[in-house]
């Protein structure tokens, strides 16, 4: 089976995705290499994000345009943004945009979602609390994927790998049916926004593998 066949198989499996009982240990890989140090020293541009536009991010123009055709359109030519080197994005959550910027700057990024106070919690209300955290995390991850797609930096969506794995582990720990929060809509968003990568996309591999594992487990339970 070729790498292309394998990735297609992963997507085919995900089209029927319902539950996730298991997580893999594969780490995400960046899709493209960052530019050289010399290329970092070219013209910089500044992007203001958020409703009040108080959060700003300054990056080398060539680096930003290298990753994103959307930003290349903004900062090249004779537009106001291109001439001034400034762009405002009031509708974008600064916290999500910061992850995108980290990916552009470093070729990888970590998604800063906190699960503090939930892992290992016991007693009444623990499962309900875990369900609430997983639901909120899934919504946040979906919003981030949409931001990545909107600004044409799809591969930055790999940053969801670790928090998604944590959601899966939490669901396992508390006996939560993960399909209640990682819905068909969430899976569709992943399929629509995350790119295929050489060697496979680790997020797609993760979900495809756990889907297969879930099928095996369900078949075993049915035969008991």
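In the working numbering, the protein residues as written are 1457 to 1680. Each residue gets a CB set at the ideal place from its N, CA and C atoms; glycine is no exception.
Taking 8 angstroms as the upper bound for CB-CB distance, residue 1523 and residue 1560 are in contact here, some 5 angstroms apart.
Looking at the backbone, the Cα of residue 1638 and that of residue 1627 are separated by about 11 angstroms. As the crow flies, the alpha-carbon of residue 1646 is around 16 angstroms from that of residue 1556. Listed in chain order, the non-local C-beta contacts of residue 1610 below 7 angstroms within the same chain comprise 1604, 1649, 1650 and 1651, local neighbours out to five positions each way being set aside.
Your pair residue 1503 and residue 1545 checks out as a contact, with CB atoms roughly 6 angstroms apart and the cut at 8 angstroms. Close CB contacts of residue 1530 within its chain, under the 8 angstroms cut and outside five residues either way in sequence, are with 1537, 1538 and 1543 (chain order).
For residue 1584, the closest of 1565, 1634 and 1553 by C-alpha to C-alpha distance is 1634.
Excluding its 5 nearest sequence neighbours in each direction, residue 1631 has C-beta neighbours in its own chain below 8 angstroms: 1583, listed in chain order. Boundaries of the beta strand (DSSP E) harbouring residue 1516: 1511-1516, taken from the DSSP string. Measuring C-alpha to C-alpha distances from residue 1621 to each of 1636, 1597 and 1602 identifies 1597 as the nearest.
Beta-bridge partners of residue 1545 (DSSP): 1505.
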